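One structure is given below, encoded as structure tokens.
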Amino acid sequence: MSLREQVIKSPGYSITKIPNIKKFNQLRDKFIEKMGIEKKSDDINSIRRDIALMNNAEVNKAMINLLSFDEASEMMIDACGDIVKELSGSEILIQRRANNIFNLPGKEQRRQWPHYELMSGISPYTFVLWAPFHDLQDDAGVYYIDQEESFKIIKKEHDEGLVNGPTILNMMHNQKPAKLKYGEVIVFNPFILHGNIDFNSDLARVACSVRFQNKTKPLMQKNSDFLKIYQLN
Amino acid sequence: MTVASVTTDINIGPFKIPSNAQNMIMNNYAQRNKIIIELVIPEPIMSDQLATTQWVTKDFNISGIVLCSIHQLPSKIEYLNKIILKFENTFFHFAIEGISGKGAIFLKNCFNEANYFRNAKFIDSTKTNWIELYKKLKDEIS
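Quick mapping for you: the protein sequence lines, in order, are chains A and B.
Numbered according to the numbering used here, the first sequence spans residues 1 to 233.
Numbered according to the numbering used here, the second sequence spans residues 1001 to 1142.
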């Protein structure tokens, strides 16, 4: 089954190698530089350990520093160019600012509760790339509910007049996040339910995600606030 | 050298932003980017020519202009060209898009991007539902 069929038809997502790992390495290095935190070394696990010890205000400060990392989005798209081309072609709209995400260990930390990407107002023709900046050896990653199951829940909620209601929000338990290796990316469609769970570790999880769609396809609520025009080589 | 923020009509391309909210957006952008705004220019409603902004340059040496969005640039190229001539060395900031730059190429790129979004096709989210949207994706592969 082609990547396009996997992502659009079933299971709605695909875990695959990042085609241009050199570019992804550059993205990770730049991410570390732009965080602007005091660090003991440039080693990613040492930095993850430092992040895990940060309080919420320090995490927020690093996140604000990363707002100026404008090139992250283009670097991620370029690193995954062949994947993007197969799904949306070369003339695309990409997320203006990639999401650089910290996920801290422990029960008291913020979690991304179960949701579909479509809920943010992107169009149904949008796809999401998500990749960690290190191996995922624990439950710090993201779990994904396959297309068939995700749609069953959409349908059930639709019949009840709900969107992202309690059925979905109560799905955080008993989920198993995907254990990606560094250099792997997950690409998924905007109807795939996903989220995080609590995890125990001395290390934080750091990852990058970006959204894209074909330029000629209709948009929905997102406009120039979120998207920009991009041409893949 | 003065940095000015500019408020405009509530209708800003796809967005509807009252002028006090425009000021909040621009002030937040300025704070995050360590820019000090010294002058607030209110443009009239129902005009996108930025004529007042051009006019006040006789009294102020404007080095930077903060706007909420690229959608506040003139929609007609002849008016944009006037801006390009008048503000050749002025830095423009667009807070919502989070972009900044100066000169003809930068402003024309912003103008073209605003034009693209103005003419793009949109799904009206008030007239659809999740099942229909799901079908649109599924129709991509049959």
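Here a beta-carbon is modelled for each residue, glycine too, at the ideal position from N, C-alpha and C.
Bear in mind that the values here come from a model prediction, so they are computed numbers and not experimental data.
Start and end residues, beta strand (DSSP E) containing residue i
| i | result |
| --- | --- |
| Ala-131 (chain A) | 127-132 |
| Gln-112 (chain A) | Segment: none, Gln-112 (chain A) is in no beta strand (DSSP E) and carries neither H nor E. |
| Ile-237 (chain A) | Past the edges of chain A, shown from 1 to 233, lies residue 237 (chain A), and the structure says nothing about it. |
| Leu-67 (chain A) | Looking at the DSSP string, Leu-67 (chain A) is not in any beta strand (DSSP E), and its letter there is neither H nor E. |
| Leu-193 (chain A) | 193-195 |
| Ala-1004 (chain B) | 1002-1007 |
9 Å Cβ cutoff, residue i in contact with chain A
| i | result |
| --- | --- |
| Pro-1044 (chain B) | no |
| Ala-1030 (chain B) | no |
| Ile-1035 (chain B) | no |
| Pro-1014 (chain B) | yes |
| Ala-1120 (chain B) | yes |
| Asn-1129 (chain B) | yes |
| Phe-1117 (chain B) | yes |
| Phe-1133 (chain B) | Residue 1133 (chain B) is actually Leu in this sequence, not Phe. By this cut-off, Leu-1133 (chain B) is an interface position. |
| Leu-1080 (chain B) | no |
| Ile-1123 (chain B) | yes |
| Ile-1010 (chain B) | no |
| Ala-1114 (chain B) | yes |
| Ile-1141 (chain B) | yes |
| Lys-1076 (chain B) | no |
| Lys-1086 (chain B) | no |
| Leu-1039 (chain B) | no |
Where the alpha helix (DSSP H) containing residue i begins and where it ends
| i | result |
| --- | --- |
| Ala-98 (chain A) | Element bounds for Ala-98 (chain A): n/a, residue is neither H nor E. |
| Tyr-1116 (chain B) | 1103-1119 |
| Lys-1086 (chain B) | 1077-1086 |
| Ser-88 (chain A) | 81-88 |
| Ser-46 (chain A) | 44-52 |
| Ile-21 (chain A) | 21-35 |
| Leu-227 (chain A) | Unbroken run through Leu-227 (chain A) is the beta strand (DSSP E), 227-231; no alpha helix (DSSP H). |
| Gln-213 (chain A) | No alpha helix (DSSP H) holds Gln-213 (chain A); the beta strand (DSSP E) holding it covers 205-214. |
| Leu-3 (chain A) | 3-8 |
| Leu-1137 (chain B) | 1130-1138 |
Minimum Cβ-Cβ distance from residue i to chain B less than 9 Å
| i | result |
| --- | --- |
| Val-206 (chain A) | no |
| Tyr-75 (chain A) | This sequence places Met at residue 75 (chain A); Tyr is not what is there. No, no contact with chain B. |
| Tyr-13 (chain A) | no |
| Leu-219 (chain A) | yes |
| Ser-236 (chain A) | Since the displayed chain A opens at 1 and closes at 233, residue 236 (chain A) lies outside it and no answer follows. |
| Ser-224 (chain A) | yes |
| Ile-229 (chain A) | yes |
| Lys-17 (chain A) | no |
| Ile-47 (chain A) | no |
| Ile-51 (chain A) | no |
| Ile-21 (chain A) | no |
| Ile-44 (chain A) | no |
8 Å contact criterion, which residue i and residue j should meet: CB distance rounded
| i | j | result |
| --- | --- | --- |
| Gly-195 (chain A) | Trp-113 (chain A) | 5 Å |
| Asp-202 (chain A) | Ala-52 (chain A) | 6 Å |
| Ala-72 (chain A) | Phe-31 (chain A) | 7 Å |
| Lys-1136 (chain B) | Pro-124 (chain A) | 5 Å |
| Phe-127 (chain A) | Val-7 (chain A) | 6 Å |
| Gln-221 (chain A) | Ser-88 (chain A) | Contact flag wrong, Cβ pair sits at about 19 Å. |
| His-158 (chain A) | Ile-1123 (chain B) | Not confirmed; about 17 Å, so no contact. |
Check: residue i C-beta below 8 Å from any heavy atom of the ligand GDP
| i | result |
| --- | --- |
| Val-187 (chain A) | With respect to the ligand GDP, the structure shown offers nothing to examine, as it has no ligands at all. |
Residue-level contact to chain E via CB, residue i, 9 Å cutoff
| i | result |
| --- | --- |
| Ala-204 (chain A) | Going by chain labels, chain E is absent from the structure shown, which instead holds the protein chains A and B. |
Task: Interfacial residues, the region 1094-1112 of chain B to chain A, with Cβ spacing under 7 Å - done: Ile-1096, Glu-1097 and Gly-1098
Open item on the list: Using a Cβ-Cβ cutoff of 7 Å, what residues of the region 23-39 of chain A are near chain B? List them in chain order.
Closed with: Residues: none.
Open item on the list: What are the residues in the region 55-72 of chain A lying within 9 Å of chain B by C-beta distance?
Closed with: Answer set for the region 55-72 of chain A: Ile-64, Leu-67, Ser-68 and Asp-70.
Task: Inside the region 128-188 of chain A only - alpha helix (DSSP H) runs reaching at least 4 residues - done: 147-159 and 166-169
Task: Within the region 1017-1092 of chain B, ranges of the beta strand (DSSP E) (whole runs, at least 3 residues) - done: 1039-1042 and 1062-1067
Task: Residues from the region 137-168 of chain A in contact with chain B, defined by Cβ distance under 9 Å - done: Phe-151, Ile-154, Lys-155, Glu-157, His-158 and Val-163
Task: Residues from the region 103-130 of chain A in contact with chain B, defined by Cβ distance under 8 Å - done: Leu-118, Gly-121, Ser-123, Pro-124 and Tyr-125
- [ ] Note down, in chain order, all residues in the region 1048-1073 of chain B with a beta-carbon under 8 Å from any beta-carbon belonging to chain A.
- [x] Ser-1069, Ile-1070 and His-1071
Open item on the list: Against chain B, which members of the region 74-100 of chain A pass a CB distance test of less than 8 Å?
Closed with: Arg-96 and Arg-97
- [ ] Can you give me, in chain order, the residues of the region 177-196 of chain A that have a beta carbon less than 8 Å from any beta carbon in chain B?
- [x] Asn-189, Pro-190 and Phe-191
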